[in-house]
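Undergrad:
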Amino acid sequence: MKKRGFTLVEIMIVVAIIALLAAIAIPNLLNARKTANDAAAKANLKTMATELEVYSAGTGAGAYPANLAAFQAIPSYAAQKYLAAPCTTAATGCGGYYYTSVTLEAGAYNLTALPVSSQTGSYNYSITNGGALTP
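In the working numbering, the protein residues as written are 327 to 461.
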């Protein structure tokens with residue numbers, strides 16, 4: 327009776343091939359996640375800027391909310407989610423970014439998104455009056 331099975335050399339070759347494929351795939355996966363986090367942070371800032379512009383054009387009579395509490399008081403999902411904990415905490419953030427440096431005045435606003443770490447995002451984003459986004 328013959329015993330059939332894999333030899334140690336064959337198993338080592340298969341493990342080496344799997345390790346090689348993982349070494350190629352994992353960095354690409356991490357870069358894809360970082361790119362997605364960057365796009366999400368820009369979209370979140372643009373959404374909040376749009377909400378501020380709509381407020382200004384409608385109920386604000388040409389002015390923006392006077393402070394963060396006033397912005398969060400309007401029916402604004404983005405402000406309530408991204409301008410409150412844990413999204414404003416540098417240690418956790420939301421989607422690889424945390425939102426800080428919120429400056430709201432009657433005539434101006436400035437919102438900033440910073441990456442939690444260099445592995446979660448590439449740029450510091452800021453958006454100001456009129457929805458001008460800067461990386």
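Backbone N, C-alpha and C define an ideal beta-carbon position, used for all residues, glycine too.
Locate the alpha helix (DSSP H) running through Y381, then write down its first and last residues.
TA: One-based indexing of the sequence shown puts residue 381 at position 55. Start and end: 334-383.
Undergrad: Hey, would you say A432 sits closer than 8 angstroms to Y381, going by beta carbons?
TA: Looking up residue 432 in the sequence shown gives position 106. Looking up residue 381 in the sequence shown gives position 55. It is not a contact, given that the beta carbons lie outside the stated cut-off.
Undergrad: Report the residue ranges of all beta strand (DSSP E) runs contained in full by the segment 405-438; include only those spanning at least 3 residues, in chain order.
TA: 423-430
Undergrad: Quick one: using the 10 Å Cβ neighbour count with 16 as the cut-off for buried, is Y403 buried or exposed?
TA: Residue 403 sits at position 77 when you count from the first residue of the sequence shown. Under this definition Y403 is an exposed residue.
Undergrad: Relative to the C-alpha of T446, which candidate in G384, K407, L355 has its C-alpha closest?
TA: For the purposes of this step, residue 446 is identified with residue 120 of the sequence shown, where counting begins at 1. Of the candidates G384, K407, L355, the one whose C-alpha sits nearest the C-alpha of T446 is L355.
Undergrad: Can you look up Y449 in the DSSP assignment and give me helix, strand or coil?
TA: The count along the sequence shown starts at 1 and reaches residue 449 at position 123. Y449 falls in the coil class under three-state DSSP.
Undergrad: For A392, which three-state DSSP category applies?
TA: The residue you call residue 392 lines up with position 66 of the sequence shown. Residue state, collapsed to three classes: coil.
Undergrad: Check whether the Cβ atoms of L409 and Y425 sit closer than 8 angstroms, and answer yes or no.
TA: For the purposes of this step, residue 409 is taken as residue 83 along the sequence shown, with counting starting at 1. For the purposes of this step, residue 425 is taken as residue 99 along the sequence shown, with counting starting at 1. Contact flag set, yes.
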